[in-house]
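K.L.:
Structure provided below as structure tokens; questions to follow.
4 protein chains.
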Amino acid sequence: MTEVQAPDILRCAYMEIIVTDLAKSREFYVDTLGLVVTHEDEEALYLRTYEEFIHHNLVLRKGETPAVAAFSYRVRSPEDLDKAVAFYEARGCEVRRNPEGFTRGIGDSVRVVDPMGFPYEFFYDVEHRERLAWAYDAHIPGALVRLDHFNQITPDVPKAVDYMEDLGFRVTEDIRDSEGTVYAAWMRRKPTVHDTAMTGGNGPRMHHIAFATHEKHNIIAICDKLGALRKSDAIERGPGRHGVSNAYYLYLRDPDGHRVEVYTQDYYTGDPDNPAVHWDVHDNQRRDWWGTPVVPSWYTDGSRVLDLDGNIQPLVERSDASEMEKTIGADGFSYTRPEDEEELPEWKQGEYKLGHQL
Amino acid sequence: MTEVQAPDILRCAYMEIIVTDLAKSREFYVDTLGLVVTHEDEEALYLRTYEEFIHHNLVLRKGETPAVAAFSYRVRSPEDLDKAVAFYEARGCEVRRNPEGFTRGIGDSVRVVDPMGFPYEFFYDVEHRERLAWAYDAHIPGALVRLDHFNQITPDVPKAVDYMEDLGFRVTEDIRDSEGTVYAAWMRRKPTVHDTAMTGGNGPRMHHIAFATHEKHNIIAICDKLGALRKSDAIERGPGRHGVSNAYYLYLRDPDGHRVEVYTQDYYTGDPDNPAVHWDVHDNQRRDWWGTPVVPSWYTDGSRVLDLDGNIQPLVERSDASEMEKTIGADGFSYTRPEDEEELPEWKQGEYKLGHQL
Amino acid sequence: MTEVQAPDILRCAYMEIIVTDLAKSREFYVDTLGLVVTHEDEEALYLRTYEEFIHHNLVLRKGETPAVAAFSYRVRSPEDLDKAVAFYEARGCEVRRNPEGFTRGIGDSVRVVDPMGFPYEFFYDVEHRERLAWAYDAHIPGALVRLDHFNQITPDVPKAVDYMEDLGFRVTEDIRDSEGTVYAAWMRRKPTVHDTAMTGGNGPRMHHIAFATHEKHNIIAICDKLGALRKSDAIERGPGRHGVSNAYYLYLRDPDGHRVEVYTQDYYTGDPDNPAVHWDVHDNQRRDWWGTPVVPSWYTDGSRVLDLDGNIQPLVERSDASEMEKTIGADGFSYTRPEDEEELPEWKQGEYKLGHQL
Amino acid sequence: MTEVQAPDILRCAYMEIIVTDLAKSREFYVDTLGLVVTHEDEEALYLRTYEEFIHHNLVLRKGETPAVAAFSYRVRSPEDLDKAVAFYEARGCEVRRNPEGFTRGIGDSVRVVDPMGFPYEFFYDVEHRERLAWAYDAHIPGALVRLDHFNQITPDVPKAVDYMEDLGFRVTEDIRDSEGTVYAAWMRRKPTVHDTAMTGGNGPRMHHIAFATHEKHNIIAICDKLGALRKSDAIERGPGRHGVSNAYYLYLRDPDGHRVEVYTQDYYTGDPDNPAVHWDVHDNQRRDWWGTPVVPSWYTDGSRVLDLDGNIQPLVERSDASEMEKTIGADGFSYTRPEDEEELPEWKQGEYKLGHQL
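Protein chains in written order, with full-length UniProt numbering: chain A, 1 to 358; chain B, 1 to 358; chain C, 1 to 358; chain D, 1 to 358.
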């Protein structure tokens with residue numbers, strides 16, 4: 001399969017998601033998070049971040065069932081679309097091409113159901129919009145300035161990584177155990193920690209979409225605003241510092257339960273020999289550098305994805321070990337210091353701060 | 001009792017705590033948190049914050065059992081010590097005065113066991129040290145610049161508040177329920193939200209001592225450093241935004257389990273008619289504005305306190321309702337929106353983010 | 001004169017200024033700086049900061065000539081107004097009392113022309129408004145949270161300090177030279193570096209009014225917004241770090257040329273023996289800790305003040321040395337290192353970064 | 001010349017500079033700025049940023065005369081070195097290749113004198129060192145986390161841009177006037193605003209080398225520390241917000257006068273159709289978004305560069321118009337609002353805040 005050349009992907013560009021109530025979603029993404037409206041009509045909202053110059057980073061489309069319609073990547077040139085077609089046809093995937101584009105503002109596009117069951121899109125042609133980087137009069141305290149990455153749930157992470165490496169992605173970090181099980185992997189095209197990540201679990205599902213802020217206080221401002229609006233229950237996890245990626249993070253749930261991350265300050269990964277970081281699944285600081293426990297819903301929940309006809313993709317169960325069960329609950333454990341065999345201090349016993357105490 | 005004039009208290013000034021291993025405590029308070037060493041010897045460490053000009057804000061004294069030896073307040077003038085003596089003698093409290101001071105660097109001092117059983121100290125005379133506010137070459141990313149407040153656990157909060165008001169303190173905020181139970185109260189002399197707070201529980205015990213930073217990122221830097229040192233299990237709760245006080249906070253536990261808060265950005269309270277803020281005990285945003293659950297140890301644990309002879313004070317149990325039981329667990333509940341009677345969204349059910357689901 | 005007791009002043013509370021175009025001033029103070037409108041009508045705007053609970057911190061009143069009508073302080077009790085009357089009458093000052101208040105929202109008030117020629121006001125009674133500290137949905141990136149201080153221009157600083165000390169103020173910092181000339185002094189009631197400062201120059205004039213933000217990035221956000229609005233010429237000086245006060249600062253000029261400071265992170269000064277800081281007028285880091293030169297307009301410009309009938313107060317010229325002439329220009333000098341007698345590095349010669357090169 | 005393929009450059013990687021006193025330079029770059037020492041000996045210091053994994057981002061080599069010995073770029077593969085040789089030989093440039101590398105830690109390298117007279121280096125092979133991104137216990141308040149870019153002074157900017165575009169760089173922003181004169185241009189390989197920029201002036205000279213921080217307060221912390229060390233005269237310009245690049249910036253001068261920028265928060269530029277931003281040379285916000293004037297030394301000063309034998313390269317004078325003369329001084333002008341023909345407000349006249357008033 002190596003003779004089929006992969007398209008040259010620039011970056012994750014936008015996600016199209018199905019929401020059940022456009023007005024509620026608008027309140028969340030526009031009024032609260034401050035995404036910029038490029039276009040809106042009865043059927044859909046097209047939103048972008050302050051530093052974006054392409055038409056949109058997020059499409060909210062009205063539908064019956066919350067789901068993800070497309071994970072969309074921008075490629076380097078129009079010719080890369082032909083490569084995308086060939087790449088997926090060689091893998092026996094369903095491939096559709098629409099010279100008019102599948103969403104407003106985007107031209108010639110290819111959509112496929114990829115080998116893991118995800119609806120992937122590739123495009124080059126796109127309408128430009130004003131980059132609002134300098135429009136500080138329009139910025140809010142929690143300004144979202146860039147789409148940073150996607151995160152996908154799939155049962156077989158190593159298989160997904162193999163395919164994504166064929167597609168030209170590089171692994172920057174992953175979570176493993178000493179028996180060789182891989183629990184999650186982060187992969188990039190643009191030189192950040194990731195454009196997408198694969199999280200082990202029943203899939204295909206979407207784990208989250210992530211937007212970047214400039215500074216950490218911007219993320220705190222989003223939480224403060226949600227508190228003021230009495231919508232703090234939209235906060236699922238964080239804010240905290242990731243071990244993986246070293247970024248400062250926050251996870252929200254939108255009105256349909258779609259998970260949105262706000263993220264800032266990972267590191268440059270653009271060199272071919274960029275050292276990949278491998279985290280032990282039992283390391284209590286891998287998911288949160290401060291050892292704050294991951295809430296169970298963060299492990300278990302995800303958004304269903306659609307096929308190219310708009311039907312919900314069936315789920316495949318994960319057969320490999322589950323990260324949640326490996327690290328919390330009766331059979332799991334995690335450590336702060338690998339060498340530490342001592343008892344916990346008395347004041348720590350019975351707390352859920354350590355995974356094995358939950 | 002109103003005819004006995006209270007001493008004019010300026011502010012909480014320092015705490016003297018007993019630690020079991022000076023070297024370990026030094027590593028925590030000096031090497032990690034960056035408190036400035038004013039003096040150290042075989043028996044004790046005298047530490048201050050970067051913006052302090054008095055000899056110390058914290059004394060760590062070596063002993064067998066972790067405990068608090070004194071909550072010490074500075075008064076406006078030497079004459080206020082006489083008032084302190086009279087104030088406590090009128091209440092039948094044990095009172096000792098030491099013209100040489102009870103700790104290094106402090107002159108004429110009064111120590112009492114107060115009506116709630118706490119070892120309180122008052123002093124005016126103190127050695128000055130260089131205020132290191134401008135010494136930015138010595139500041140660390142998580143610079144602690146000021147002692148902000150104490151927090152005490154006591155079974156009968158209204159009784160404690162009455163006594164503290166006699167002593168000249170003013171309530172700025174409290175947590176109550178509709179039946180009139182008071183769960184906690186915040187009281188100030190200097191015009192911040194508090195110099196000390198009363199937290200309902202078995203007492204007398206010390207809940208925490210709090211130091212201030214300038215900005216929120218300074219608090220994040222402390223967590224990041226603890227992660228780098230593989231000491232993230234010192235983080236008990238947070239960082240987060242308090243509802244009460246509106247401050248950004250973090251709770252740590254020192255090597256003996258003493259609780260230390262790092263705190264920034266509450267508000268001015270110095271006017272006599274400063275509006276007190278009353279929080280409903282069931283309001284899910286009272287303790288954390290973002291609705292993040294309070295870890296149980298934060299409710300249950302505290303440091304014992306000493307009498308004037310260095311013996312551990314016996315505990316009195318709280319007979320009023322417990323905040324933890326009122327808000328989490330089988331019988332308790334809390335809400336994000338008072339008017340909200342709907343079911344939680346499906347993705348929220350089964351999570352411990354909401355107190356009543358724990 | 002010491003037998004006349006001074007009123008117990010809590011803090012600087014608001015300033016009343018005359019502006020020539022209410023719409024333009026509203027655009028500056030409300031649309032750009034985000035002050036909260038408590039009330040507005042054809043004649044005046046009443047504005048407060050996000051954390052304020054009294055009716056206003058700034059009154060903008062329409063008039064022919066830009067000027068300051070009142071520097072207003074809040075006192076601890078209604079009885080302090082009687083003391084204020086007595087205090088100023090004993091000094092032969094013009095004193096007026098209005099039980100209805102001189103501005104909307106304020107009750108019984110005393111206005112005087114003080115010994116330096118400034119229109120000072122004192123009040124206790126005031127309408128309360130909602131403290132918007134928790135209203136993060138309404139905060140902007142450059143949120144002004146508190147009125148911090150006034151700054152006044154007067155020809156004889158030591159004389160002004162003597163009078164202010166009689167009035168109960170304490171000096172926290174000043175700028176002097178080795179011959180004993182005092183160029184400026186900072187004085188406080190609330191325990192910050194100042195409620196007002198005296199700047200040497202032809203007076204009485206108002207140098208600036210200062211509002212506080214929580215963090216330094218809030219001040220940067222104000223500049224970024226002014227740039228986006230193509231109003232960066234409202235920025236007169238900074239942002240930078242003060243030597244005096246250790247605060248991070250910015251100076252703006254409003255549409256009438258009134259100077260507004262935005263200020264954050266000075267230090268606690270509430271102890272009676274708080275060490276005063278004396279700066280050498282030749283110290284290049286006194287006005288800006290980074291040695292950035294002070295623009296000449298900052299030294300020379302100020303707003304005229306009114307008497308109690310609304311007439312412009314005449315100016316008295318400063319006869320003592322001028323700080324600007326002492327430190328910049330042909331005859332002045334300033335140093336970065338007091339001991340440094342070497343030549344400047346070649347790349348520094350001819351630059352205006354050092355005052356003596358201007 | 002287009003048939004000769006350019007090497008695939010990843011990013012600016014390090015600069016080698018000649019300093020006259022290693023101890024003084026170490027104090028500046030290591031003790032003050034906190035760069036990490038990878039290696040040091042009698043002749044040279046090899047320094048890297050906290051997030052770097054290659055051997056160094058800066059080499060300080062002891063010598064008689066301050067100068068720049070190499071602007072070094074990393075290429076994607078060993079084969080790109082052959083392309084680099086061919087690329088420069090086709091242009092008649094002096095080319096040297098050293099399989100052992102020209103500096104410690106770097107393997108096979110090519111050095112050339114490029115068509116503008118600059119000593120450029122290309123390498124792929126390099127020793128790895130620990131990426132200290134997570135080593136927060138070692139970070140200082142002003143942590144430099146990444147080498148961001150170089151900036152070069154050359155007399156003919158359009159000619160330099162043509163050559164750099166042949167070399168694979170893309171212009172992201174530039175400064176022009178309506179007559180077509182180009183004053184400066186910013187060009188990138190990695191998807192930030194630049195890996196290097198061309199500044200019009202007598203050249204070849206090095207204008208500055210720039211390191212990135214995570215947040216704006218990190219840059220402020222560097223200034224605060226320089227103040228505390230009484231070295232604030234190392235601050236040449238800023239901190240401020242650039243118009244070009246939208247980054248927050250600071251310019252320092254090292255003990256030899258080499259200029260160092262600290263820089264944070266520009267934007268993603270990695271798409272081929274990334275919109276280039278053209279600034280009018282008369283726009284007062286182009287160099288500083290807040291309109292703060294550029295100090296003349298910033299326009300006039302730069303470091304000389306060496307040829308491959310270590311001799312100072314001769315200067316070629318700029319014949320095109322000078323940005324400084326076009327915008328400040330008797331004949332120049334700049335505007336805050338292009339449409340603004342009004343007189344300045346009175347309080348602005350005579351100030352040097354506006355370029356045309358200097």
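Glycine included, C-beta positions come from ideal geometry on N, C-alpha and C.
So, are the CB atoms of ARG318/D and PRO158/D less than 7 Å apart?
P.N.:
In this structure, PRO158/D does not lie closer than 7 Å to ARG318/D by Cβ.
K.L.:
Should the segment 107 to 118 of chain D be regarded as contacting the segment 83 to 96 of chain D, the criterion being three or more beta carbon pairs within less than 8 Å?
P.N.:
With a cut-off of 8 Å, the segment 83 to 96 of chain D and the segment 107 to 118 of chain D count as touching, because enough Cβ pairs lie within range.
K.L.:
With 7 Å set as the bound, which would you pick, yes or no: does the beta-carbon of ASP8/B sit closer than that to a beta-carbon of chain A?
P.N.:
No, because no Cβ of chain A sits closer than 7 Å to the Cβ of ASP8/B.
K.L.:
Sort PRO239/A, THR20/A, GLY257/A, ILE54/A by Cα distance to GLU43/A and report the nearest one.
P.N.:
Minimum Cα distance to GLU43/A is reached at THR20/A.
K.L.:
Looking at the C-beta of LEU47/D, does it have a partner C-beta in chain B at a distance below 7 Å?
P.N.:
Answer no: the Cβ-Cβ gap between LEU47/D and chain B never drops below 7 Å.
K.L.:
First and last residue of the beta strand (DSSP E) that includes GLU16/D?
P.N.:
Run containing GLU16/D: 9 to 19, per the beta strand (DSSP E) assignment.
K.L.:
Could you check the C-alpha separation between ALA69/A and HIS214/D for me, to the nearest Å?
P.N.:
Roughly 35 Å between the two C-alpha positions.
K.L.:
Closest to ASN130/C by C-alpha separation, out of HIS56/C, PHE123/C, SER109/C, ASP148/C, would be which residue?
P.N.:
Strictly speaking, residue 130/C in this sequence is Glu, with Asn absent from that position. It is HIS56/C.
K.L.:
Within the same chain, show all residues whose beta-carbon is closer than 6 Å to that of MET164/A, passing over the 5 residues directly before and after it, in chain order.
P.N.:
If we look at MET164/A and ignore the five residues flanking it on each side, its Cβ neighbours are MET187.
K.L.:
With distances taken from CA atoms, which of ARG176/B, VAL75/B, GLN313/B, HIS242/B is nearest TRP289/B?
P.N.:
Looking at the Cα atoms, HIS242/B is the closest of the given residues.
K.L.:
Nearest CA to the CA of THR175/C: which residue from ALA160/C, VAL193/C, THR199/C?
P.N.:
The identity of residue 175/C in the sequence shown is Ile, whereas the question assumes Thr. Per the Cα distances, THR199/C.
K.L.:
Report buried or exposed for GLY203/C, applying the criterion of at least 16 other Cβ atoms within 10 angstroms of its Cβ.
P.N.:
The residue in question, GLY203/C, is buried, as its Cβ has 16 or more Cβ neighbours within 10 Å.
K.L.:
Return no unless some Cβ of chain B is closer than 7 Å to the Cβ of ALA133/C.
P.N.:
For ALA133/C, the answer is yes, since a Cβ of chain B falls inside 7 Å of its Cβ.
K.L.:
What residue range does the alpha helix (DSSP H) around LEU226/B cover?
P.N.:
LEU226/B -> alpha helix (DSSP H) spans 216 to 228.
K.L.:
Say whether chain D places a C-beta atom closer than 7 Å to the C-beta of HIS39/C.
P.N.:
No - not a single Cβ of chain D is within 7 Å of the one on HIS39/C.
K.L.:
Among TYR14/A, PHE28/A, ARG97/A, TYR50/A, which has the Cα closest to the Cα of ASP233/A?
P.N.:
ASP233/A has its Cα closest to that of PHE28/A, out of TYR14/A, PHE28/A, ARG97/A, TYR50/A.
K.L.:
Taking the DSSP output, what are the residues bridged to SER109/C?
P.N.:
ASN98/C, PHE123/C.
K.L.:
Of all Cβ atoms in chain C, is any one closer than 7 Å to the Cβ of ALA234/A?
P.N.:
No, because no Cβ of chain C sits closer than 7 Å to the Cβ of ALA234/A.
K.L.:
Which bits of chain D does HIS217/B rub up against, with CB to CB less than 7 Å?
P.N.:
By Cβ distance, chain D contributes GLU215, HIS217.
K.L.:
Using only alpha-carbon positions, find the residue among ASP195/D, VAL281/D, TYR136/D that is nearest to TYR120/D.
P.N.:
Per the Cα distances, ASP195/D.
K.L.:
Can you tell me which residues form a DSSP beta bridge with VAL262/B?
P.N.:
The partner list for VAL262/B (beta bridge, DSSP) reads PHE211/B, LEU250/B.
K.L.:
For a contact meaning CB atoms closer than 7 Å, what does GLY291/B contact in chain A?
P.N.:
The answer, in chain order, is SER232, ASP233, ILE235.
K.L.:
Contact criterion: CB-CB distance below 7 Å. Does TYR136/B meet it with respect to chain D?
P.N.:
Cβ-Cβ to chain D under 7 Å: yes for TYR136/B.
K.L.:
Could you tell me the distance, in whole angstroms, from the CA atom of residue 366/C to the CA atom of HIS208/C?
P.N.:
Residue 366/C is absent from the structure shown; chain C starts at 1 and stops at 358.
K.L.:
Among PRO255/B, VAL305/B, ARG304/B, which one has its Cα closest to the Cα of THR32/B?
P.N.:
Per the Cα distances, PRO255/B.
K.L.:
In whole angstroms, what separates the C-alpha of TYR352/C from that of ARG253/D?
P.N.:
The pLDDT assigned to TYR352/C is 41, lower than 50, so where the model puts this residue is not dependable; a value taken from the coordinates is nonetheless given after this. TYR352/C and ARG253/D: Cα-Cα distance of roughly 15 Å.
K.L.:
In angstroms with no decimal places, state the Cα-to-Cα distance between HIS139/D and ILE140/B.
P.N.:
In a straight line, the C-alpha of HIS139/D is about 9 Å away from that of ILE140/B.
K.L.:
Could you pull out every unbroken alpha helix (DSSP H) segment of at least 4 residues lying fully inside the segment 272 to 315 of chain B, listed in chain order?
P.N.:
Within the segment 272 to 315 of chain B, the complete alpha helix (DSSP H) runs of at least 4 residues are 296 to 300.
K.L.:
Please classify ASN311/A as buried or exposed, where buried requires at least 16 neighbouring CB atoms within 10 angstroms.
P.N.:
Counting Cβ neighbours within 10 Å, ASN311/A comes out exposed, since fewer than 16 surround it.
K.L.:
If you run the structure through DSSP and keep just helix, strand and coil, what is PHE150/B?
P.N.:
Looking at PHE150/B - three-state DSSP - the assignment turns out to be strand.
K.L.:
Under a CB-based cut-off of 7 Å, is ILE220/A close to chain B?
P.N.:
Closer than 7 Å: yes.
K.L.:
Using Cβ-Cβ distances below 8 Å, what residues of the segment 266 to 290 of chain A are close to chain D?
P.N.:
So the list reads TYR267, TYR268, GLY270, ASP271, PRO272, ASP273, ASN274, PRO275, TRP289, given in the order they occur along the chain.
K.L.:
Within 7 Å of any Cβ in chain A, is that where the Cβ of ASP21/B sits?
P.N.:
No - not a single Cβ of chain A is within 7 Å of the one on ASP21/B.
K.L.:
Counting C-beta neighbours from all protein chains within 10 Å, is the total for ASP148/A 16 or more, i.e. buried, or is it exposed?
P.N.:
With 16 or more Cβ atoms within 10 Å of its Cβ, ASP148/A is classed as buried.
K.L.:
Out of ALA212/C, LEU315/C, GLU51/C, ARG286/C, which one is the CA nearest neighbour of ALA133/C?
P.N.:
Measuring from the Cα of ALA133/C, the nearest candidate turns out to be GLU51/C.
K.L.:
Taking only the alpha-carbon atoms, compute the straight-line gap between VAL4/C and HIS278/B and give it to the nearest angstrom.
P.N.:
Those two C-alpha atoms are separated by around 40 Å.
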